[in-house]
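Protein chains in written order, with my numbering: chain A, 543 to 862; chain B, 543 to 862. For each residue, glycine too, the CB sits at the ideal point set by N, CA and C. Worksheet: one structure, shown below.
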């Protein structure tokens with residue numbers, strides 16, 4: 543679940559009074575999301591999301607995240623928009639945490655991914671990348687190739703608790719990624735966490751994207767690698783090349799990508815698999831007894847990594 | 543959290559199509575409640591709650607719970623009402639579980655209980671008891687005095703893991719409750735779980751009660767004992783006699799209670815304390831590693847029990 547902070551009625555009423563959004567009629571914690579506390583807030587006017595930013599989000603990064611959402615919305619990209627209070631301020635404080643009220647985005651995230659979802663996602667991701675090119679703030683990806691080794695070292699001794707073969711796979715893999723990671727590819731603002739639960743659909747149509755709290759400046763093709771991994775593998779671990787082809791070909795219709803990007807894709811997808819494998823491994827080994835969030839299985843990403851290790855080139859992803 | 547069952551988009555759309563409530567625009571798991579999976583469902587028409595009844599609720603009891611909500615709503619008591627589908631059927635099946643769509647009740651449960659909340663609660667509970675008198679179904683309370691010993695026996699050997707003095711307190715207490723439990727007091731349908739998170743307020747006014755899944759036929763005064771324990775103790779364990787006086791005196795303005803009920807109140811409050819102490823103890827000792835719901839502290843109810851053990855009579859609750 544994702545309610546770490548209990549907001550009292552008095553605190554909520556006082557907080558909402560700073561906005562011109564009517565009176566509170568309902569306030570319910572949402573059992574989704576992992577990093578922050580999210581509430582669905584209904585007022586006499588409309589529905590909103592109230593987010594309290596918990597400690598895994600650095601307060602100094604919030605202006606970037608919130609600014610990016612505002613920028614995207616201004617560019618016509620469907621995403622939640624942070625609301626300013628009557629005083630024009632967007633980031634406020636509630637229960638000793640940074641907090642914001644965000645517009646409510648209609649739609650449902652797809653529990654069972656179908657090929658048409660991946661087609662829509664490709665288009666939307668390309669539009670997001672283009673819209674972000676005029677966003678002027680910059681945030682380094684702090685979960686990229688230089689960050690994997692320290693993260694791995696903090697788990698390495700206990701990695702065998704999860705899988706006895708993990709070190710033998712990760713030791714050379716991280717060495718290879720460090721050696722071969724590209725240094726110059728088209729880059730800009732990436733979502734960097736565009737899993738299915740962050741993408742909403744109404745019927746067959748993508749209605750918007752949420753959760754920009756990993757957004758950062760990085761290679762666009764790395765963002766595609768993250769989406770390949772998050773959307774195109776079936777529950778049994780098999781790779782669905784139809785989904786990948788639809789995602790990539792629809793992306794390219796909106797934003798052409800270069801031969802360099804294309805040929806880097808297998809390596810970037812490996813890097814993305816390592817990034818999520820490592821953060822999941824860390825959470826798996828370090829989640830406190832009685833934690834409210836069930837840690838995700840790191841080994842799901844081991845399978846994904848091994849798929850990409852055996853890929854001969856980008857045509858494995860369905861591109862002609 | 544309270545989402546044990548993931549509902550896929552296809553299953554949801556198909557389920558909602560059986561109702562005349564418009565099209566789905568949003569569907570979010572709610573991080574409240576313990577027994578069932580609850581989703582906030584927004585359609586082009588309105589907001590609703592979709593509940594999937596999980597295994598702790600006996601399917602054979604559902605017609606009683608749902609019938610009682612319908613009965614209360616028909617009597618003008620503010621509570622969620624189960625909606626029939628186009629075919630008139632209220633209890634359906636979703637993801638292999640009994641499921642129902644319930645009307646959305648506005649309001650927020652009070653995180654910090656104030657005396658005026660208790661006054662409102664007393665009035666509402668009395669009205670609920672009166673409204674229930676014309677409800678014709680019957681359900682035995684299966685967490686009453688005869689059920690405590692078997693529940694206790696299943697935890698007794700490990701009770702010292704929670705508190706080394708627990709057996710020395712519970713052994714004689716359960717014996718005493720079994721010997722002295724009343725056999726004839728005014729009775730009818732009780733809510734039997736009317737904790738603050740089941741009572742909604744809009745501003746200062748009680749806007750309704752929810753979660754009727756422990757409702758049963760029992761002594762009305764036992765229901766009051768449950769509310770005394772759930773609403774009138776402060777976080778530091780102290781008893782707030784002002785809150786109790788307001789609750790009880792407002793209850794009596796709507797439904798007079800007899801001298802027998804009044805003098806039984808300390809014993810019934812002890813019984814209520816034992817009931818919640820035991821179920822919490824059981825959950826504490828038996829909650830699976832990695833469970834999504836944090837078990838509640840059984841010892842909170844040990845303090846409440848010990849308060850009532852030292853009460854000399856019902857005037858301790860602020861009644862003249």
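With DSSP as the reference, please indicate the residues paired to residue i in a beta bridge.
| i | result |
| --- | --- |
| residue 634/B | 641/B |
| residue 761/A | 729/A |
| residue 593/A | 580/A, 642/A |
| residue 781/A | 775/A |
| residue 585/A | 566/A |
| residue 650/A | 743/A |
| residue 795/A | None, per the DSSP bridge assignment. |
| residue 624/B | 644/B |
| residue 609/B | Answer is none; residue 609/B lacks a bridge partner. |
| residue 682/B | 759/B |
| residue 664/B | According to DSSP, which records beta bridges pairwise, residue 664/B is partnered with nothing at all. |
| residue 748/B | 743/B |
| residue 572/A | 572/B |
For a cutoff of 9 Å on Cβ pairs, would you count residue i as touching chain B?
| i | result |
| --- | --- |
| residue 584/A | yes |
| residue 785/A | no |
| residue 607/A | no |
| residue 806/A | no |
| residue 633/A | no |
| residue 652/A | yes |
| residue 684/A | no |
| residue 780/A | no |
| residue 550/A | yes |
| residue 646/A | yes |
| residue 667/A | no |
When the Cα atoms are used, what is the spatial distance from residue i to residue j?
| i | j | result |
| --- | --- | --- |
| residue 782/B | residue 616/B | 35 Å |
| residue 543/B | residue 801/A | Its pLDDT being 40, under 50, residue 543/B is placed unreliably in this model, and the value from its coordinates should be taken loosely. Distance between the alpha carbons of residue 543/B and residue 801/A is about 47 Å. |
| residue 686/A | residue 588/A | 39 Å |
| residue 681/B | residue 764/B | 15 Å |
| residue 621/B | residue 632/B | 16 Å |
| residue 703/A | residue 846/A | 20 Å |
| residue 848/B | residue 842/B | 10 Å |
| residue 728/B | residue 634/B | 35 Å |
| residue 851/B | residue 816/B | 11 Å |
| residue 558/A | residue 564/B | 30 Å |
| residue 708/A | residue 826/A | 14 Å |
| residue 780/B | residue 661/B | 19 Å |
| residue 637/A | residue 553/A | 8 Å |
| residue 844/B | residue 699/B | 17 Å |
| residue 793/B | residue 786/B | 11 Å |
| residue 757/A | residue 585/B | 31 Å |
| residue 818/A | residue 777/A | 16 Å |
| residue 603/B | residue 694/A | 51 Å |
Check this for me: beta carbons of residue i and residue j, under 9 Å apart or not?
| i | j | result |
| --- | --- | --- |
| residue 574/B | residue 570/A | yes |
| residue 613/A | residue 673/A | yes |
| residue 655/A | residue 690/A | no |
| residue 579/B | residue 545/B | yes |
| residue 606/A | residue 645/A | no |
| residue 788/B | residue 664/B | yes |
| residue 744/B | residue 813/B | no |
| residue 755/B | residue 549/B | no |
| residue 749/A | residue 649/A | yes |
| residue 647/A | residue 742/A | yes |
| residue 762/A | residue 724/A | no |
| residue 837/B | residue 822/B | yes |
| residue 677/B | residue 609/B | yes |
| residue 791/A | residue 861/A | yes |
| residue 811/B | residue 771/B | yes |
| residue 697/B | residue 859/B | no |
Can you name the residues of chain E whose CB is closer than 7 Å to the CB of residue i?
| i | result |
| --- | --- |
| residue 744/A | No chain E appears in this structure, whose protein chains are A and B. |
Taking Cβ positions only, does residue i come closer than 9 Å to chain A?
| i | result |
| --- | --- |
| residue 791/B | no |
| residue 840/B | no |
| residue 572/B | yes |
| residue 727/B | no |
| residue 564/B | no |
| residue 849/B | no |
| residue 649/B | yes |
Assuming residue i and residue j make a contact with CB atoms under 8 Å, what is their CB distance in whole Å?
| i | j | result |
| --- | --- | --- |
| residue 736/B | residue 769/B | 5 Å |
| residue 594/B | residue 641/B | 5 Å |
| residue 751/A | residue 625/A | The pair is not a contact, with the Cβ atoms about 18 Å apart (cut-off 8 Å). |
| residue 652/A | residue 738/A | 6 Å |
For residue i, verify whether its CB is less than 8 Å away from any heavy atom of the ligand NAP.
| i | result |
| --- | --- |
| residue 764/A | Ligands in the displayed structure: none, and consequently the ligand NAP is not present. |
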